[in-house]
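In terms of full-length UniProt numbering, the sequence shown opens at residue 1 and continues consecutively. A quick write-up on the structure given underneath.
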Amino acid sequence: MYSFILGFLLGIILLLWNRYRLKAQLKDVLTASPDTEDLLGALPALTLIKREIVYIQQQYDQQQQELNLKQHILDIAPIAYLRVDEENQLLWCNRQAQTLLQIDRWQSGQIRLLLELVRSYELDQLIEQTRQIQTPQVSEWTFYPPNYVAKSPKNQNYEAKYLNSSSVALKGFGYPLPQGQIVVFIENQQPLVDLSRSSDRALSDLTHELRTPLTSIALVSEWLEGRLHDPERRRATQMRQETHRLISLVEDWLELSQLQDNPHQNLFLEPVELKEILLAAWQVLDPLAQQKQINLNTQGLEEVECSGDRSRLMQVFINLFDNSIKHSPTQTEIIVTLTDNYEKQRIEITILDQGLGFSEKDLPHIFDRLYRGDPSRTRQGVDSDSLRSGSGLGLAIAQEIIQAHGGTITAKNHPDTGGAWIQISLTKSN
Numbered sequence: 001m002y003s004f005i006l007g008f009l010l011g012i013i014l015l016l017w018n019r020y021r022l023k024a025q026l027k028d029v030l031t032a033s034p035d036t037e038d039l040l041g042a043l044p045a046l047t048l049i050k051r052e053i054v055y056i057q058q059q060y061d062q063q064q065q066e067l068n069l070k071q072h073i074l075d076i077a078p079i080a081y082l083r084v085d086e087e088n089q090l091l092w093c094n095r096q097a098q099t100l101l102q103i104d105r106w107q108s109g110q111i112r113l114l115l116e117l118v119r120s121y122e123l124d125q126l127i128e129q130t131r132q133i134q135t136p137q138v139s140e141w142t143f144y145p146p147n148y149v150a151k152s153p154k155n156q157n158y159e160a161k162y163l164n165s166s167s168v169a170l171k172g173f174g175y176p177l178p179q180g181q182i183v184v185f186i187e188n189q190q191p192l193v194d195l196s197r198s199s200d201r202a203l204s205d206l207t208h209e210l211r212t213p214l215t216s217i218a219l220v221s222e223w224l225e226g227r228l229h230d231p232e233r234r235r236a237t238q239m240r241q242e243t244h245r246l247i248s249l250v251e252d253w254l255e256l257s258q259l260q261d262n263p264h265q266n267l268f269l270e271p272v273e274l275k276e277i278l279l280a281a282w283q284v285l286d287p288l289a290q291q292k293q294i295n296l297n298t299q300g301l302e303e304v305e306c307s308g309d310r311s312r313l314m315q316v317f318i319n320l321f322d323n324s325i326k327h328s329p330t331q332t333e334i335i336v337t338l339t340d341n342y343e344k345q346r347i348e349i350t351i352l353d354q355g356l357g358f359s360e361k362d363l364p365h366i367f368d369r370l371y372r373g374d375p376s377r378t379r380q381g382v383d384s385d386s387l388r389s390g391s392g393l394g395l396a397i398a399q400e401i402i403q404a405h406g407g408t409i410t411a412k413n414h415p416d417t418g419g420a421w422i423q424i425s426l427t428k429s430n
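See the structure below:
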């Protein structure tokens with residue numbers, strides 16, 4: 001009898017203990033709904049669980065609606081958007097990205113390698129750089145869809161075109177996400193490029209029409225110089241000098257336009273010795289350098305060849321040396337370094353002067369047409385009488401020539417000395 005009573009009491013205690021534990025577990029689990037804790041003792045556990053499931057479903061539906069809304073906004077946005085995982089597989093992209101990058105073999109929900117869908121080395125580089133550095137990155141490039149048809153050098157009347165599209169100037173912004181994912185926003189810069197080209201074309205046409213009247217004015221001013229006496233002769237001389245400066249500006253502009261429109265037609269490529277061209281360019285400007293006691297210091301490779309147009313490369317280095325000499329203090333040196341990038345099969349050339357460098361405001365515009373820079377850029381120790389007035393097109397022409405050679409040219413300030421630091425990369429001669 002006592003054993004029965006003891007067992008019965010023990011069973012009741014275990015039942016109450018299990019009920020307490022179940023209630024505590026429900027309290028820990030059912031935390032989504034704000035008033036669940038108040039109803040734990042008032043409603044059955046099954047009812048509370050059903051109520052919690054309904055609440056969680058409502059929360060999920062609400063969050064899903066917000067997610068769908070955000071994805072819809074991204075999908076109809078006028079800027080291209082794409083997201084890749086740590087293995088560069090495309091997870092999602094919007095309509096603008098599909099149109100801009102011609103992604104026609106992908107559907108939402110598919111996961112495919114981005115390289116299979118978009119053949120763009122620059123886009124891959126932007127993604128990898130963003131993933132490695134883990135900070136937002138920006139890059140600009142020209143995108144050529146896979147059905148691009150290049151202009152044939154044998155048939156100059158054959159226009160470069162795409163079957164259904166054209167090359168597009170792009171600007172990409174890469175942002176890192178957790179787990180190696182990267183999102184990229186891409187702007188279509190082609191309308192701005194087209195507008196700039198249209199403006200340049202109109203100005204080139206106007207410039208071409210100015211050549212004949214300017215030549216006539218120059219001839220008249222020279223004729224007047226021989227028949228007038230001072231002070232009228234001095235005015236005729238000044239008119240002739242300014243007219244020749246305008247003629248030089250016109251010729252530079254027309255040359256730049258030709259380089260932009262048909263870069264390869266204006267080049268005669270052959271294996272050239274770079275150091276020989278550098279020294280020849282310096283010899284042209286040596287009288288100016290001697291006036292300021294500026295020396296040339298060449299470092300690196302003694303013999304290095306690239307495939308290039310000798311006269312055009314000479315023009316580039318004369319222009320760069322001229323700028324370095326004009327903006328260098330007296331009794332300094334200009335350091336030229338030639339290195340061989342075996343991995344990339346490139347020749348790297350750097351030109352460093354000992355001046356104050358470029359102003360931060362000027363740096364983004366160094367190679368822009370007609371950009372003359374801030375007057376405060378004049379270096380300390382430079383004799384103002386020695387500075388010749390340029391057309392503002394020299395560096396723009398230099399950039400076009402280097403790019404026509406398949407190379408790159410950049411302008412920076414040296415991190416240690418602060419001097420103007422020009423970096424050129426050219427393809428090695430095979």
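No residue lacks a Cβ here, since even glycine has one placed at the ideal position from N, Cα and C. What you are looking at is a predicted structure, and each value in this text was computed from that prediction instead of being measured.
- Residue Thr212 holds the alpha-carbon nearest to the alpha-carbon of Ile247 among Trp223, Leu267, Thr212, Arg235.
- Per DSSP, the continuous beta strand (DSSP E) segment holding Lys171 begins and ends at 168-176.
- DSSP places Ala80 within a strand segment (E or B) once states are collapsed to three.
- In the DSSP assignment, Trp92 falls within the unbroken beta strand (DSSP E) covering 89-93.
- CA-CA distance, Gln283 to Phe185, rounds to 49 Å.
- Nearest to Thr330 by C-alpha distance, out of Ser307, Gln354, Asn323, Ile318, is Gln354.
- With 16 or more other CB atoms across the displayed protein chains lying within 10 angstroms of its CB, Asn323 is buried.
- Of the candidates Leu356, Val316, Gln423, Val84, Val316 places its Cα closest to the Cα of Leu393.
- Taken through DSSP and simplified to helix, strand or coil, Val304 comes out as coil.
- Going by C-alpha positions, Leu285 is about 55 Å away from Cys93.
- Taking C-alpha positions only, Ala398 is separated from Glu348 by approximately 16 Å.
- The beta carbon of Asn295 sits closer than 6 Å to the beta carbons of Glu333 from its chain, once the five residues preceding and following it are set aside; these are given in chain order.
- For Pro213, the enclosing alpha helix (DSSP H) starts and ends at 190-225.
- Leu113 counts as exposed, since fewer than 16 other C-beta atoms from the protein chains shown sit within 10 angstroms of its C-beta.
- Between the alpha carbons of Glu270 and Thr427 lies a gap of roughly 12 Å.
- In the assembly as shown, Asn341 is an exposed residue. Its beta-carbon has fewer than 16 other beta-carbons within 10 Å.
- Counting C-beta pairs closer than 8 Å gives three or more between the stretch 119-129 and the stretch 170-179, which meets the contact rule.
- Taken atom to atom, the span from the alpha-carbon of Ile217 to that of Leu254 is near 19 Å.
- DSSP, read as helix, strand or coil, puts Arg245 in helix.
- For Ile111, no beta strand (DSSP E) run applies, since DSSP gives it neither H nor E.
- Distances from the CA of Ser120 to each of Glu276, Ala202, Gln102, Gln110 were compared; the closest alpha carbon is that of Gln102.
- Judged by their CB atoms, Thr237 and Leu214 are not nearer to each other than the 8 Å cut-off.
- Per DSSP, the continuous alpha helix (DSSP H) segment holding Glu400 begins and ends at 394-404.
- Distance from the CA atom of Lys70 to the CA atom of Ser425, rounded to whole angstroms, is 44 Å.
- Residue pairing by DSSP places Asp368 in no beta bridge whatsoever.
- A distance of 8 Å or more separates the beta carbons of His414 and Gly308.
- For Thr350, the closest C-alpha among the options Thr298, Ser328, Glu400 is that of Thr298.
- The shortest C-alpha to C-alpha distance from Met239 to any of Glu222, Val250, Asp252, Ser257 is the one to Glu222.
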